[in-house]
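Per the numbering used here, the sequence shown runs over residues 11 to 338.
Presented below is the structure to which this report refers.
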Amino acid sequence: MKTTMKTTMKKPLVIASALCTLAVLSTACGGSGSTSDSAASKSSTTSTVPGAGTSIVNVWVGPPADTTKLPIGTSKVTLTGPAVGGLYACDGGMPNGGGAHAAGPWLDEVAGTWDLSKKISVEGDVAWPMASYSEVIDGDTRLITSNGLPIDEHTGTFPIASNDPAYAYDRNPNRIASNDVKVSLSITPSIASAPKCLGKGQIGIMKNGVSMFAPLDERNRDAVAYETQDSCDGHPQQSSVYHYHDVPSCLRNAAMGPSTVVGFAYDGFPIVVERNAAGDLPTNADLDACHGRSSPIELDGKTIESYHYSATYEFPYFIGCFTGTPIS
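Pasting the structure below:
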């Protein structure tokens, strides 16, 4: 049975037909990277929960994150395995790789923190009326197609202009172009026998059609803290793939309910913006070593109990490793 999923986008969605190329899947911000390996898996628990989505109540274990003193996540990157609040990377990065060339004034490298309220954005207000995204369930498969451009969101102007204040810290020379993506994900993904590391390049996709990259630059620094992005937290890499390193502010701020699925990691598990009764996001203390948890979420028109990744203000922002087996 084939079911076309309804989305929250304001315009008709068009299926992009071309396959996502290996170059797009494996290329990071300014350089190449590696992909995750695969392993045997066991089934996760995913069951229908009676009741409407408004019945979801999230309770966090501690206070919300202080967004003026967010820990810089670079020291939390490891090659040996996952840890709560950390990121399990597939490679050690390139010491002379691309990314921001200077630390912005929002960074306090001595204290090891950064201030979200002081971070600047790349200037510009560019619309992409040709953007497309489609999501279809066919049997046990979720087929997602996109041309990589943001639906109903504007981007900054790239390459970054020399008179843009962001240029003083990050001289991203790349342009934004369409990059066709076609991925097939299981609608009932399984938890793998062991977590999988995160490579450079695409590791997921947002429901507005934009690719998700791990929150690392080429040097394995905290990309969200160091690199400058546009007002929706996106920027292009050298293959012109526009992407996010976290759940972007434009989608995060629009998702004010207790459970909003905003995308999917490439192991099939949803990426969710979750809030408690006060409207706060969870912190790392609420999540596991891959930055996820199992709880009721709203997905495909139902409230279900499912494993998922959860957006936070803290590094690693939306994912620390793959809980399932990612597509190749």
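Every residue, glycine too, gets a C-beta built ideally from N, C-alpha and C.
A quick note: this is a predicted structure, and the numbers were derived from the prediction, not measured.
- For K128, the three-state secondary structure derived from DSSP is helix.
- Closest by C-alpha distance to C100, out of G134, G107, G91, is G91.
- In the structure shown, the three-state DSSP call for V283 is strand.
- A distance below 9 Å separates the beta carbons of G96 and G330.
- In the structure shown, K86 adopts helical secondary structure according to DSSP, grouped into three states.
- In terms of Cα proximity to T333, the closest of I197, A178, A204, A171 is A204.
- Of the residues S142, L117, H253, the one whose Cα lies closest to the Cα of S127 is L117.
- Per DSSP, V234 is one residue of the alpha helix (DSSP H) stretching across 233 to 236.
- The beta carbons of L80 and T151 sit no closer together than 9 Å.
- The beta carbon of F328 sits closer than 6 Å to the beta carbons of D256, V257, I281, Y319, A321 from its chain, once the five residues preceding and following it are set aside; these are given in chain order.
- Taking the Cα positions, C207 is about 19 Å away from V234.
- When the beta-carbon positions are compared, N106 and E284 stay at least 9 Å from each other.
- CA-to-CA, the gap between A110 and A202 works out to about 35 Å.
- Around the beta carbon of E119, fewer than 16 other beta carbons lie within 10 angstroms, which makes this residue exposed.
- When C-alpha distances from R231 are compared across T84, N263, A121, L89, the shortest belongs to T84.
- D298 has its alpha-carbon roughly 22 Å from the corresponding atom of G267.
- Under the three-state reduction of DSSP output, Y143 falls in the strand class.
- No Cβ-Cβ contact shorter than 9 Å links Y252 with I215.
- Restricting attention to T198, S304, A113, M222, the CA atom closest to the CA of D148 is found in T198.
- M222 has G214, Y254 as its beta-bridge partners, per DSSP.
- Close CB contacts of N286 within its chain, under the 7 Å cut and outside five residues either way in sequence, are with N68, V69, W70 (chain order).
- Around the C-beta of V136, fewer than 16 other C-beta atoms lie within 10 Å, and the residue is accordingly described as exposed.
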